[in-house]
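These notes concern the structure reproduced below.
2 protein chains.
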Amino acid sequence: MTVTAEHGPGWAHEPDPGRRVTAAGRMLAVLDAFGPRHRSLTLSDIARRAGLSLSTAHRLVHELVAWGALERDGEGRYSVGLRLLELSALAPRGLGLREAAHPHLEDLHRATHGNVQLGVRDGTGVVYVEAIRARVRNPVNSRVGDRWPMHATGTGLVLLAHAEPEFQEQVLSSPLERFSPMTVIDPDVLRRTLASIRQTGVAVARGQITVPDMVVAVPVLDAGGRVAAAVSVVVEATEARTRELAGVLTQASRAISRTLGPRPVTGL
Amino acid sequence: MTVTAEHGPGWAHEPDPGRRVTAAGRMLAVLDAFGPRHRSLTLSDIARRAGLSLSTAHRLVHELVAWGALERDGEGRYSVGLRLLELSALAPRGLGLREAAHPHLEDLHRATHGNVQLGVRDGTGVVYVEAIRARVRNPVNSRVGDRWPMHATGTGLVLLAHAEPEFQEQVLSSPLERFSPMTVIDPDVLRRTLASIRQTGVAVARGQITVPDMVVAVPVLDAGGRVAAAVSVVVEATEARTRELAGVLTQASRAISRTLGPRPVTGL
Numbered sequence: 082m083t084v085t086a087e088h089g090p091g092w093a094h095e096p097d098p099g100r101r102v103t104a105a106g107r108m109l110a111v112l113d114a115f116g117p118r119h120r121s122l123t124l125s126d127i128a129r130r131a132g133l134s135l136s137t138a139h140r141l142v143h144e145l146v147a148w149g150a151l152e153r154d155g156e157g158r159y160s161v162g163l164r165l166l167e168l169s170a171l172a173p174r175g176l177g178l179r180e181a182a183h184p185h186l187e188d189l190h191r192a193t194h195g196n197v198q199l200g201v202r203d204g205t206g207v208v209y210v211e212a213i214r215a216r217v218r219n220p221v222n223s224r225v226g227d228r229w230p231m232h233a234t235g236t237g238l239v240l241l242a243h244a245e246p247e248f249q250e251q252v253l254s255s256p257l258e259r260f261s262p263m264t265v266i267d268p269d270v271l272r273r274t275l276a277s278i279r280q281t282g283v284a285v286a287r288g289q290i291t292v293p294d295m296v297v298a299v300p301v302l303d304a305g306g307r308v309a310a311a312v313s314v315v316v317e318a319t320e321a322r323t324r325e326l327a328g329v330l331t332q333a334s335r336a337i338s339r340t341l342g343p344r345p346v347t348g349l
Numbered sequence: 082m083t084v085t086a087e088h089g090p091g092w093a094h095e096p097d098p099g100r101r102v103t104a105a106g107r108m109l110a111v112l113d114a115f116g117p118r119h120r121s122l123t124l125s126d127i128a129r130r131a132g133l134s135l136s137t138a139h140r141l142v143h144e145l146v147a148w149g150a151l152e153r154d155g156e157g158r159y160s161v162g163l164r165l166l167e168l169s170a171l172a173p174r175g176l177g178l179r180e181a182a183h184p185h186l187e188d189l190h191r192a193t194h195g196n197v198q199l200g201v202r203d204g205t206g207v208v209y210v211e212a213i214r215a216r217v218r219n220p221v222n223s224r225v226g227d228r229w230p231m232h233a234t235g236t237g238l239v240l241l242a243h244a245e246p247e248f249q250e251q252v253l254s255s256p257l258e259r260f261s262p263m264t265v266i267d268p269d270v271l272r273r274t275l276a277s278i279r280q281t282g283v284a285v286a287r288g289q290i291t292v293p294d295m296v297v298a299v300p301v302l303d304a305g306g307r308v309a310a311a312v313s314v315v316v317e318a319t320e321a322r323t324r325e326l327a328g329v330l331t332q333a334s335r336a337i338s339r340t341l342g343p344r345p346v347t348g349l
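Chains as they are written, first to last, in the numbering used here: chain W, 82 to 349; chain Z, 82 to 349.
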């Protein structure tokens with residue numbers, strides 16, 4: 082069961098007209114025009130979505146293509162280019178973390194046959210820095226680089242449970258989106274869920290984003306003992322053996338923590 | 082044997098003072114300040130590397146942090162942020178390709194116990210959109226997002242062999258960097274190598290970047306039959322059974338091609 086087109090990742094990055102006041106802001110608005118449902122855009126799409134004149138958009142797009150942030154296909158449509166992949170590989174909490182975690186996530190995937198995600202907190206959301214999907218089943222929409230709200234994902238609930246109380250309240254008091262009939266959006270219920278996650282060390286959620294999936298998630302600690310990331314496994318609810326999943330997840334999480342070494346992951 | 086600090090990925094993106102003439106160019110210069118050997122920079126590092134005044138750098142960095150392209154750690158140093166990972170996930174030749182290829186690359190990794198890379202052509206170089214590394218041995222410097230010159234990598238040689246002749250000559254007539262004593266930089270020898278790759282369908286190179294490694298690489302075709310990417314395996318030369326490796330690589334390549342579906346990968 083896939084996420085409907087109206088919802089899904091990238092929810093926090095619709096173009097923001099307020100940024101268009103500076104030249105640099107206009108360039109960022111061009112980049113913001115791209116999203117999971119807008120991967121390939123014409124020049125006029127970009128101008129419209131970024132709120133720019135066609136000539137300004139043309140000039141900025143030209144500059145971004147020359148730099149490698151965008152590429153132009155044979156039909157004159159633009160998409161995100163590889164220079165951004167190259168740059169994003171430098172993010173200490175991105176592909177570096179992914180790389181440390183990768184073998185353990187593969188083990189986890191093989192042991193559980195579920196979708197495996199590694200997420201970190203960014204702003205008020207969670208961004209997946211790794212996602213390994215089962216080949217056929219569980220076509221849940223989880224990809225590297227996806228951004229989701231915290232209340233609706235296993236990794237997000239874990240990260241929220243271990244965040245500072247002010248941040249928790251900020252998230253819980255903002256409008257909480259419903260992704261499936263089973264998404265919990267009641268702040269009081271969520272507060273109890275977070276307390277339980279802190280107590281048990283494990284988040285278990287059912288159908289929060291897609292029915293009939295069940296997700297089990299645990300925190301990943303950095304060398305300083307702080308929660309740097311969260312790892313989750315999504316399986317079909319009928320197959321979920323929660324306690325068993327929590328066991329292998331905790332093992333994987335400890336293995337990842339060991340590879341994070343003595344230098345704590347920064348920025349959280 | 083790792084690559085020395087003087088060489089390595091990212092060679093094509095040292096800051097370019099020529100770009101600083103426009104406001105957007107100055108913002109890209111700030112991003113260009115970051116690289117594999119400059120993952121964490123102070124504000125004055127950024128200003129110096131981007132060729133900007135401290136106040137201009139401060140303003141642009143502030144804007145980039147607000148947008149999520151950069152993040153600031155507790156010690157006031159800046160690094161690349163997760164918004165760029167999120168954006169780069171939209172690149173059709175980046176993480177999308179990676180995702181289609183991933184299970185087959187994992188199989189390849191398991192079958193060969195070597196480092197596995199999936200590379201695409203970008204500008205005059207090759208960018209790895211996936212890299213799976215053996216846990217302990219072969220600590221060759223291959224990571225997702227790494228950019229390498231074509232003449233010195235297995236995937237690059239394959240992509241170059243199947244590129245248009247004008248492009249080949251452009252690459253062969255530019256200065257070719259030596260990464261190890263065994264890197265081939267003689268254009269005539271390289272021309273013969275490219276002809277042989279086209280004939281046999283396989284590139285075999287030994288110690289081109291790191292000694293004592295051997296790399297075997299094959300092309301990945303899109304649904305239109307064009308070379309969209311190249312996949313390679315790096316193993317220790319003493320263990321290389323070239324013919325066997327070429328066989329499993331070709332199988333993996335065909336499996337990846339099938340997942341690329343009827344829509345050709347654009348932009349090449």
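Don't be surprised by glycine CBs; every beta carbon is placed ideally from N, CA and C.
If you reduce the DSSP assignment to three classes, tell me which class I213(Z) lands in. If you number the second sequence from 1, residue 213(Z) lands on position 132. Strand.
Check for me: the beta strand (DSSP E) holding A336(W) runs from which residue to which? The count along the first sequence starts at 1 and reaches residue 336(W) at position 255. Residue range T323 to T340 is occupied by the alpha helix (DSSP H) that includes A336(W), with no beta strand (DSSP E) assigned at that position.
Mind pulling the chain Z residues with CB within less than 8 Å of T103(W)? The residue given as residue 103(W) occupies position 22 in the first sequence. Result: A104 and E144.
For P173(Z), which residues in chain W fall below 9 Å Cβ to Cβ? On the second sequence, residue 173(Z) is found 92 positions in, with the first residue counted as 1. Per Cβ cutoff of 9 Å: R120, S121, E152, D154, S160 and V161.
In angstroms, rounded to a whole number, what distance separates the CA positions of H88(W) and R118(W)? Taking the first residue of the first sequence as position 1, residue 88(W) is located at position 7. Taking the first residue of the first sequence as position 1, residue 118(W) is located at position 37. Because the pLDDT at H88(W) is just 40, under 50, the model does not fix this residue reliably, and the value given afterwards should be weighed accordingly. In a straight line, the C-alpha of H88(W) is about 10 Å away from that of R118(W).
Using the beta-carbon of each residue, which ones in chain W are nearer than 8 Å to L166(Z)? The residue labelled residue 166(Z) in the question sits at position 85 within the second sequence. Going along chain W in sequence order, the residues near L166(Z) (Cβ under 8 Å) are S169, A172, G175, L176, V208, V210, V225 and G226.
Verify the CB distance criterion: does V201(Z) have a CB-CB separation below 8 Å to chain W? For the purposes of this step, residue 201(Z) is taken as residue 120 along the second sequence, with counting starting at 1. Judged by the 8 Å Cβ criterion, V201(Z) is in contact with chain W.
Can you list, in chain order, the residues of its chain whose CB lies under 8 Å from that of T123(W), leaving out five sequence neighbours each side? The sequence position of residue 123(W) within the first sequence is 42, counting from 1. Within the same chain, T123(W) has close Cβ partners G157, R158 and Y159.
Environment of S313(W) [buried if 16+ CB atoms lie within 10 Å]: By one-based count along the first sequence, residue 313(W) stands at place 232. Answer is buried; the Cβ neighbour count reaches 16.
Would E245(W) pass as an interface residue toward chain Z - the criterion being a Cβ-Cβ separation below 8 Å? One-based indexing of the first sequence puts residue 245(W) at position 164. No, because no Cβ of chain Z sits closer than 8 Å to the Cβ of E245(W).
Kindly list the residues whose CB is nearer than 7 Å to the CB of R287(W), restricted to its own chain and excluding five residues on each side of it in sequence; keep chain order. Along the first sequence, one-based indexing puts residue 287(W) at 206. M263, M295 and A318.
What residues match up with W229(Z) in a beta bridge as DSSP calls it? Here residue 229(Z) is taken as the residue at index 148 of the second sequence, counted from 1. Per DSSP, V207(Z).
Supposed close pair V210(W), L151(Z) - CB separation, criterion 8 Å: Mapped onto the first sequence, residue 210(W) falls at position 129. Mapped onto the second sequence, residue 151(Z) falls at position 70. Between V210(W) and L151(Z) a beta carbon distance of about 17 Å is seen, past the 8 Å cut, so the two are scored as non-contacting.
Other residues of its chain near F115(Z): CB distance less than 6 Å, five sequence neighbours each side excluded: Working through the second sequence from its first residue, we reach residue 115(Z) at position 34. Result list for F115(Z): V161, in chain order.
Going by CA-CA distance only, name the one from T274(Z), I337(Z), R179(Z) and F260(Z) that's closest to G306(Z). Mapped onto the second sequence, residue 306(Z) falls at position 225. When only C-alpha atoms are compared, the closest one is I337(Z).
L257(Z): CB within 7 Å of a non-hydrogen atom of the ligand MN: With respect to the ligand MN, the structure offers nothing, as it holds no ligand at all.
Of all the beta strand (DSSP E) runs that stay within the bounds of the stretch 228-275 of chain W, which reach a length of 3 or more residues? Correct list: 228-230.
Distance, Cα to Cα, S277(Z) vs A310(W)? If you number the second sequence from 1, residue 277(Z) lands on position 196. If you number the first sequence from 1, residue 310(W) lands on position 229. Near 47 Å, if we compare the C-alpha coordinates of A310(W) and S277(Z).
Where R287(W) falls: helix, strand or coil (DSSP): As a first step, residue 287(W) is located in the first sequence; it is residue number 206 there, counting from the start. Of the three classes helix, strand and coil, the one that applies to R287(W) here is strand, per DSSP.
Three-state secondary structure (DSSP) of S136(Z): Stepping through the second sequence from its first residue, residue 136(Z) is reached at position 55. Helix at S136(Z).
Where does Y159(W) fall in DSSP's three states? Sequence index remark: in the first sequence, residue 159(W) carries index 78 (1-based). Note: Y159(W) maps to strand in three-state DSSP.
Run down chain W in chain order and give the residues with a C-beta less than 7 Å from the C-beta of E180(Z). Here residue 180(Z) refers to the residue found at position 99 when the second sequence is read from its first residue. The CB of E180(Z) comes closer than 7 Å to the CB of R224 in chain W, given here in chain order.
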